[in-house]
Amino acid sequence: MRVAIMGAGIGGLTLAQGLLKAGVDVTVYERDPSPQHRNQGYRIHISPVGEEALAATLPSAVRRRVIATATQPGDLVAGFDHQLDSQFEQVFPIAGPDAVTSVDRYAFRRALMTGLDDVLRFGKQFTSYAEGQDGVEISFADGSSAAVDVLVGADGVGSVVRSQLLPDFDVVDIGVRCVYGKVPVTPEVRALAPEAFLRGFCYASGPTGLGVAFAPTLFREPPAEYGDYLMAVLVGTNSLLDASDDELFGMAAPELWSLFTRSVTDWHPTIRALIARGEPDAAFPITLRTCITVPTWTSARVTLLGDAVHPMTPAAGAGANTALWDAARLTQALISGEDLAIYQQEMVANGQKAVTESLQNAERMFNVTIAA
Ligand SMILES: Cc1cc2nc3c(=O)[nH]c(=O)nc-3n(C[C@H](O)[C@H](O)[C@H](O)COP(=O)(O)OP(=O)(O)OC[C@H]3O[C@@H](n4cnc5c(N)ncnc54)[C@H](O)[C@@H]3O)c2cc1C
């Protein structure tokens, strides 16, 4: 069986590892020209669901790389107001030395690429497919094509595979924008940061509805390119941020960081001091999007996983973990020759739970109403 996976993201790479381990003929096609291309985003929380999927799917050498390059486990989720007065705190038992509770997206993807040199093709942008009785013909923007037995769309929230398979599928913009950035953890930042910011995910809510999140990424083994940092995120609607989408998405990274700095002028001096020590060139904006209902379809040869089929807001920390769950379940289905409809049915039920939870959390956290 020849399997083609579109997208070398978190789900696509994990599926490729599982299939390769089982001896399946698999190729991953990624539109980016290299793993370093574009800003990858920063810290991702890995839940027990994601950890279990990784353990079930990855060859042991790859899993060891994932563990080695993950962050040191944290033990806290905490909420504050903008003057750093505590609103809530939840403490967890510290996980064991091999636990993976959060990762840096770039380091994680690099670890998931371990041993995939022969099956990963960069600079291959998928454009369309034609499904026949005996297989699927896939086409790329460079004019090339490939014939396979199964096509997996793991091409993220803007999935081109999905737009052909499910042309009516709606991805909803929830009206919330984020400016992501990072504050390198120097000795000065370590001394300055409240202890909670170095222990786990912390969210400070401002009086106007703006939010600022900090979360530590303290590596066991940092990538060659950079070291420990605090992920810092500014969250708000366009009007709270006082910037239209044209303005926000037209800004260079340092301008975005200036916007972040301006937005917290009246906030606690420690928050301002941390933002002042951020990396202005590392800032980038994102739009929060979700689906409302995870779709179903009929095809014996074309399937989907991860954000391609159930995009969700980051408010439940579940998007990557659900993509990992899908990858583990689809690995099992493809290896055993199970009807893909059974995978689809279970993936939809599991994905819908995560989408609904993330919708409810987003409404509460960001004070928005998400219309179906
Ligand atoms: C800021 C932010 C923070 C998040 N934090 C968390 C968290 O803490 N925990 C969590 O569980 N989830 C989190 N998520 C969600 C998580 O990042 C996604 O759910 C996860 O990356 C989905 O994985 P995926 O493999 O489906 O897609 P992606 O990781 O998005 O990968 C898709 C890949 O497909 C490629 N591609 C796209 N189009 C094509 C094409 N036409 N041809 C070829 N390749 C293509 C892309 O370049 C990309 O490499 C967060 C998301 C964001 C935006």
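Counting along the sequence shown from 1, when you hit position 252 you're at 485 in the working numbering, and nothing is skipped either side. Note that CB positions come from ideal geometry on N, CA and C, so glycine has one too.
The beta-bridge partner set that DSSP reports for G433 consists of L309. Taking C-beta atoms under 8 Å as the contact rule, L463 and F430 qualify, at a distance of about 6 Å. With a beta-carbon spacing of about 6 Å, A301 and R453 fall inside the 8 Å limit used to define contacts.
Only buried fits T304, as 16 or more other CB atoms lie within 10 angstroms of its CB.
Rounded to the nearest angstrom, the gap between the Cα atoms of A448 and L425 is 15 Å. In the DSSP assignment, G483 falls within the alpha helix (DSSP H) that extends over D478 to G483. A straight line joining the alpha-carbon of E284 with that of K254 spans about 18 Å. Uninterrupted beta strand (DSSP E) stretches at least 3 residues long and entirely within the stretch 507 to 586 occur at 517 to 523 and 535 to 537, given in chain order.
The stretch 326 to 334 makes no contact with the stretch 465 to 473, as fewer than three CB pairs between them are under 8 Å. If you compare the alpha carbons of G414, R597, G584 and E322 with that of V310, the shortest gap goes to E322.
Burial state of M234 is exposed, judged by a 10 Å Cβ sphere holding fewer than 16 other Cβ atoms. If you check the C-beta of S372 against ligand 1, you find no heavy atom less than 8 Å away. Counting the other Cβ atoms within 10 Å of the Cβ of D337 gives 16 or more, which makes it buried.
At the C-beta level, I277 and Y413 stay beyond 9 Å of one another. Under the 10 Å beta carbon count, A582 is surrounded by fewer than 16 other beta carbons and is classified as exposed. By the beta-carbon neighbour count (other beta carbons within 10 angstroms, threshold 16), H543 is buried. Rounded to whole angstroms, A249 and I238 show a C-alpha spacing of 8 Å.
Below 8 Å, too few C-beta pairs join the stretch 526 to 538 and the stretch 433 to 443 to call them touching: fewer than three.
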